[in-house]
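K.L.:
Got a structure for you, written out below as structure tokens; questions coming shortly.
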Amino acid sequence: MDAAPLTVKLCLLGFGNVARGFCALLAKQERALADEHGLRVVVTGAGTRRGSLIAAEGMAPAAVLAAAPKEAPLPEPPRPAAELLAASGADVLVELTVMEEDFAPVATGHIEAAFDLGMDVVTANKGPIAWNWDRIAAKATAAGRRIRFESTVMDGLPVFSLLEFTLADCRLLGFEAIFNSTTNFIIDAMARGEGFDTALRHAQDEGFAEADPSHDIDGWDAACKAAALANVAMGAGITPADVDKQSLCDVPLERIKAAYAAGKRLRLAGRPDPRPRPGYRARHRSPARAARRGVARRGPAHRPHGRRRRRGDRRPGAADRLRRLRRPAAPVPDDLRPTLPHDGGPSAPPGPAPGASGPLAAPLPGPPAAPLPTRVVDAAPANPWRRAILLALLVLAVGSALGAVGFAAEQRLFVWKPDVKALPGGGWRITGSAGLRPLAPALAGDRLAWSQAGYTCLMELASGDTKVIGAASRGTDLWPPALDTRSAAWLESDKNGVDPAHLWVYDIGRGRRVAHRAGAAAEAPALSDPFLAWLDDQPDGHREVTALDVETGRRSALATGDGLSSPVIAGDDAVGWLLQPTGDAAPTVVVRDLGTGTETAIMLASAGSGLTVGDIQMAGHLVLWTQRSSRTTRIVAYDLESRQTTTVADGAVETPATDGEVVVWAQPDGTSPHGCVVMMRGLGGGPPSVAARPAAWPAGLAVGGGRLAWVINDGTWTYLDVMELPS
Amino acid sequence: MKARRYIPPPLGESGQRVLLLVLAELCLLNVADFALTWYGMWLGFATESNGVMDFFFRQSDVAAAVFKLGIVTVGAVALWLLRRYRAALLAGVLLAGVFAAVVVYQALWILSL
């Protein structure tokens, strides 16, 4: 024998279309409920503002429909809600009254009264959930009663059941939803060209919109649903007044049409917003940080009604499942989708004024509505790439900044640069201490090259700009640089004379340097554009003078054999080398014109004269050298064009230098405060004259381009000065 | 009670957009890095300190270019295929940031020559 079905008594508050449809559905499913679930559903009470019905023994839903046909009030006079609920003796209150926007005091009162009477509650009224969820949940917990409200959001779609059952133990991080279909209908109609009023009328004709559509149009309906979902599923503790809203009236028609033309639709969307506001902050870290870290917050530190959640709090009984839904989650970061500007003004809830009452009214006090900005979000944002582009550019900017900072730090901390200062009377001074002595200056045109502590440096004399164009590798020696108007060259050779040397040529115009291989015994090169020449050893043990065309890279052997000696010198299209025969033969410089191939032999001293030759150099078409005897030193010049030998100076002269037009040298001077003077003499004729008076005996002189350079060691510092020659 | 291990949610659509742009940025920066490296070596002031790249540069500039551009492109494609993982975005961002730093460093260094 089948067990008797369980009778469930319902009390219906509100008996409009929804309640009638519900009763019709119950009547239709009566047999199925009994057979499959063992349930018999009866109505013991029903009430509206215009009438009521009490049937303590219970009426079948079909009988209730018959007792109150459509448009007709319930047969008995209206009763206060509390009286109706008590008289009905129902097990479940089905709360179907119209939503009030003013904190839902009436419907909340119905629900709380039902809990007090030991009833469970089912409601389709989103007002209590949106406005007073915390109170209702607490009351249900205290009374050990259940409340169901699935149809409050998204109508028949199972939103809350989905979260409660299907996604049990999952944490809702956020949502974005289109809650209101009336605005969808109107927006689509407007996008097709209809005016707002026409679209609204069509919506009303189709049954989408109510006779008073302001609830939908101004965003309150969507705000209530969003607040209900956020309250229940995320523990947001907010009210619809806390939700940013914007009226559809404020959305320009052009925007709707532009979205439509782009194949998109404008929609009123709702979502949680992590923007901080008073009373809704994370306890330990900012919402943005929490979202960034992907860590859920423990919960809002604040509840709208002043109660903080405490560790160990528990809501037992039927509310356990609901509490699981209420587990708070990290707010979802704003996805930066384009939003309309809000009106910024206070927004009061539309609809009936607070305190509206009727036969079922049980007004409750509510918190004041907070004026908040409003927001409409595109369902299909105009430019979803904007945020991505900004973030990609941010990555680029941060990386670039790090690179720039690293470069600046390296330049400041680890990169050596010569210490260059301008001299008061014009010219420049490069200073170095013991390990950083500047050496071997070379002048050509408006540039100065020198070597300093393993570095080869080049300076633009007009501006003072200095570059380090060469740095000796570990285990190598750097030879003094040669310089002409287009290139600088220097030799980097192995300290042990084992590994091949490298001849570096720096192209001043292009800022490029190229290394050429040379023998391990290569010696300092001479440079005369475009030829680089040097003395090197051959594998067979002979020495060779090699010339390299730096533009083409072509090498040629100029001379091979014994007796070749350094230095190799170079001038205009000519390369020279010293031929030092054995025995008493006279030392000779052989100069080859690389254009014509002709060679000129210059005897530097007569055979058997006992003179020592040195300081051999070449500039332009001039070959210069010194002849030393026990009594004097003579500076001798040979002009390759006129083939004449000239004695430039005679006496205690030292360190001569020439640029092909002027010869300079140092000599003692009793009238000078430092005991020496640098003299100069033009090769066009005329007597020697004083070029400058150095502070100490110069270690090296260079002349070129109308400038004079010397290296001075004053005992503490070694410095290289470059200055204009007197005219 | 044993703590549950936190499992980050998969990379969303907006994150994948960022990843795509970052990977495109990475490929462009790689081209710039190769160009600046090649130019620095052509100027004679730079040497390739990466042994693998130095090997390819010794073969030819084209071989070095093919290897360098190819390996980074393959890496970028791999990261794109792994785009549902947040680690892919993190890796892409880090790589792009490092490449940006290297490229800017090289550019400034060459300008200072």
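Line by line, the protein sequences are chains A and B.
All residue numbers for the first sequence refer to the working numbering, where the first residue is 172 and numbers rise by one.
All residue numbers for the second sequence refer to the working numbering, where the first residue is 1180 and numbers rise by one.
The beta-carbon is built from N, C-alpha and C at its ideal position, and this holds for glycine as well.
(1) Which residues in chain B have a C-beta closer than 7 Å to the C-beta of residue 379/A? List them in chain order.
(2) With three or more C-beta pairs closer than 8 Å as the rule, is the segment 610-628 of chain A touching the segment 1189-1205 of chain B?
(3) If you draw a straight line from the C-alpha of residue 187/A to the C-alpha of residue 294/A, how long is it?
(4) Hey, quick one: how far does the beta strand (DSSP E) through residue 883/A stretch, first residue to last?
(5) Output, in chain order, the set of chain A residues within a Cβ distance shorter than 8 Å of residue 1193/B.
(6) Could you name each continuous beta strand (DSSP E) segment of 3 residues or more that falls completely within the segment 599-632 of chain A, going from the start of the chain to the end?
(7) Closer than 8 Å by beta-carbon distance: list the chain B residues that pair up with residue 566/A, in chain order.
(8) Please report the residue range of the alpha helix (DSSP H) in which residue 1206/B lies.
(9) Looking only at C-alpha atoms, which of 337/A, 330/A and 282/A sits nearest to residue 312/A?
(10) Excluding the 5 residues preceding and the 5 following residue 223/A in the sequence, name in chain order all residues of the same chain whose CB lies nearer than 7 Å to its CB.
(11) For residue 1288/B, return the contacting residues in chain A, with the cut-off set at a CB-CB distance below 7 Å.
(12) Quick one: which chain B residues come within Cβ less than 9 Å of residue 638/A?
(13) Among the candidates 331/A, 833/A and 378/A, whose CA atom is the shortest distance from the CA of residue 852/A?
(14) Look at the Cβ atom of residue 830/A, then the Cβ atom of residue 862/A, and state whether they are nearer than 8 Å.
(15) Within the same chain, show all residues whose beta-carbon is closer than 7 Å to that of residue 897/A, passing over the 5 residues directly before and after it, in chain order.
(16) Considering residue 199/A, what are the terminal residues of the alpha helix (DSSP H) in which it resides?
(17) Can you tell me where the beta strand (DSSP E) with residue 774/A in it begins and where it stops?
(18) Quick one: give me the first and last residue of the beta strand (DSSP E) that residue 403/A is part of.
(19) I want to verify the contact list: residues of chain B whose CB lies under 9 Å from the CB of residue 575/A, in sequence order.
(20) Would residue 808/A pass as a contact of residue 859/A if the rule is Cβ separation under 8 Å?
(21) Quick check: residue 716/A and residue 760/A, are their CB atoms within less than 8 Å of each other?
(22) On the CB-based measure, 16 or more other CB atoms within 10 Å of its CB, does residue 300/A come out buried or exposed?
(23) Under the three-state reduction of DSSP, which class applies to residue 341/A: helix, strand or coil?
(24) Only counting the same chain, and skipping five residues up and downstream in sequence, which positions put a Cβ closer than 8 Å to that of residue 904/A?
(25) Which class does residue 1264/B belong to by DSSP, given the choice of helix, strand or coil?
(26) Figure out for me which residue from 667/A, 671/A, 616/A and 428/A has the closest Cα to the Cα of residue 658/A.
(27) Leaving out the 5 sequence neighbours to the left and right, which residues in its chain are closer than 8 Å to residue 869/A when beta-carbon positions are compared?
(28) What's the C-alpha gap between residue 613/A and residue 624/A?
(29) How would you list, in chain order, the residues of chain B whose beta-carbon sits under 8 Å from the beta-carbon of residue 644/A?
(30) Beta-carbon separation of residue 1215/B and residue 1286/B under 8 Å?
(31) Nearest to residue 689/A by CA position, among 412/A, 680/A and 707/A, is which residue?
(32) For residue 521/A and residue 192/A, what's the separation of their Cα atoms in angstroms?
(33) How would you label residue 756/A, buried or exposed, when you count the other beta carbons within 10 angstroms and need 16 or more for buried?
(34) Cβ of residue 796/A within 8 Å of Cβ of residue 786/A?
(35) Give the interface partners of residue 672/A over in chain B, defined as CB-CB distance under 7 Å, in chain order.
(36) Using a Cβ-Cβ cut-off of 8 Å (strictly less than) and excluding sequence neighbours within five positions of residue 322/A, which residues of its own chain qualify?
P.N.:
Checking against the coordinates, here is how it stands:
(1) Translated into the one-based positions of the first sequence, residue 379/A becomes position 208. What residue 379/A touches in chain B: nothing, since even the nearest Cβ is about 30 Å away.
(2) no
(3) Here the question's residue 187/A lines up with position 16 in the first sequence. Here the question's residue 294/A lines up with position 123 in the first sequence. Taking the straight line from one Cα to the other gives about 14 Å.
(4) The residue given as residue 883/A occupies position 712 in the first sequence. Looking at the DSSP string, the run of the beta strand (DSSP E) that includes residue 883/A is 878-884.
(5) Numbered from its first residue, the second sequence carries residue 1193/B at position 14. Those within 8 Å of residue 1193/B in chain A are 506, 555, 558 and 559.
(6) 599-603, 609-615, 618-623 and 626-631
(7) In the first sequence, residue 566/A corresponds to position 395, counting from 1. Correct list: 1201, 1204, 1272, 1275, 1276 and 1279.
(8) Counting from 1 along the second sequence, the entry for residue 1206/B is found at position 27. Residue 1206/B -> alpha helix (DSSP H) spans 1192-1222.
(9) By one-based count along the first sequence, residue 312/A stands at place 141. That would be 282/A, whose Cα lies nearest to the Cα of residue 312/A.
(10) Here residue 223/A refers to the residue found at position 52 of the first sequence. If we look at residue 223/A and ignore the five residues flanking it on each side, its Cβ neighbours are 217, 245, 247, 248, 249, 250 and 255.
(11) The sequence position of residue 1288/B within the second sequence is 109, counting from 1. The contacting residues are 578.
(12) Residue 638/A sits at position 467 when you count from the first residue of the first sequence. Per Cβ cutoff of 9 Å: 1291 and 1292.
(13) Working through the first sequence from its first residue, we reach residue 852/A at position 681. Among 331/A, 833/A and 378/A, the Cα nearest to that of residue 852/A belongs to 833/A.
(14) As a working note, residue 830/A is residue 659 in the first sequence. As a working note, residue 862/A is residue 691 in the first sequence. Not a contact, by the Cβ cut-off of 8 Å.
(15) Start at 1 with the first residue of the first sequence, and residue 897/A comes out as number 726. The answer, listed in chain order, is 862.
(16) Within the first sequence, numbered from 1, the residue matching residue 199/A stands at position 28. Taken as a continuous stretch (DSSP letters only), the alpha helix (DSSP H) holding residue 199/A covers 188-199.
(17) Reading the first sequence from its first residue, position 603 is the one you call residue 774/A. Taken as a continuous stretch (DSSP letters only), the beta strand (DSSP E) holding residue 774/A covers 770-774.
(18) Within the first sequence, residue 403/A is the residue found at index 232, counting from 1. Note, residue 403/A: premise wrong, no beta strand (DSSP E); alpha helix (DSSP H) at 391-405.
(19) Position 404 of the first sequence, counted from the start, is the residue given in the question as residue 575/A. Going along chain B in sequence order, the residues near residue 575/A (Cβ under 9 Å) are 1280, 1283, 1284 and 1287.
(20) To locate residue 808/A, count along the first sequence from 1; it is residue 637. To locate residue 859/A, count along the first sequence from 1; it is residue 688. No, the pair does not count as a contact, with Cβ atoms beyond the cut-off.
(21) If you number the first sequence from 1, residue 716/A lands on position 545. If you number the first sequence from 1, residue 760/A lands on position 589. Their beta carbons are not under 8 Å apart, which means residue 716/A does not touch residue 760/A by this criterion.
(22) On the first sequence, residue 300/A is found 129 positions in, with the first residue counted as 1. That one is buried.
(23) As a position in the first sequence, residue 341/A is number 170, starting the count at 1. Three-state DSSP puts residue 341/A in coil, outside helix and strand.
(24) Any property of residue 904/A remains undetermined from this structure, which presents chain A solely from 172 to 898.
(25) Here residue 1264/B corresponds to residue number 85 of the second sequence, with the count starting at 1. Looking at residue 1264/B - three-state DSSP - the assignment turns out to be coil, as it is neither helix nor strand.
(26) Taking the first sequence and counting its residues from 1, the one referred to as residue 658/A is at position 487. When only C-alpha atoms are compared, the closest one is 616/A.
(27) Mapped onto the first sequence, residue 869/A falls at position 698. Counting only Cβ-Cβ distances below 8 Å, and skipping sequence neighbours, we find 826, 837, 847, 849, 881, 882 and 883.
(28) Here residue 613/A is taken as the residue at index 442 of the first sequence, counted from 1. Here residue 624/A is taken as the residue at index 453 of the first sequence, counted from 1. C-alpha separation (whole angstroms): 16 Å.
(29) By one-based count along the first sequence, residue 644/A stands at place 473. Result: empty, since nearest Cβ-Cβ is about 10 Å, beyond 8 Å.
(30) In the second sequence, residue 1215/B corresponds to position 36, counting from 1. In the second sequence, residue 1286/B corresponds to position 107, counting from 1. Yes, the Cβ-Cβ distance between residue 1215/B and residue 1286/B is below 8 Å.
(31) Taking the first sequence and counting its residues from 1, one reaches residue 689/A at position 518. Checked all of 412/A, 680/A and 707/A; the closest Cα to residue 689/A is 707/A.
(32) Here residue 521/A corresponds to residue number 350 of the first sequence, with the count starting at 1. Here residue 192/A corresponds to residue number 21 of the first sequence, with the count starting at 1. With a pLDDT of only 38 at residue 521/A, under the threshold of 50, the placement of this residue in the model should not be trusted; the figure read from the coordinates follows. Cα to Cα, the separation comes out at about 28 Å.
(33) Counted from its first residue, the first sequence places residue 756/A at position 585. Answer is exposed; the Cβ neighbour count stays below 16.
(34) The sequence position of residue 796/A within the first sequence is 625, counting from 1. The sequence position of residue 786/A within the first sequence is 615, counting from 1. For residue 796/A and residue 786/A, yes; Cβs fall inside 8 Å.
(35) On the first sequence, residue 672/A is found 501 positions in, with the first residue counted as 1. Within chain B, no residue comes near residue 672/A; the closest Cβ sits about 16 Å away, beyond 7 Å.
(36) Numbered from its first residue, the first sequence carries residue 322/A at position 151. So the list reads 295, once near-sequence residues are dropped.
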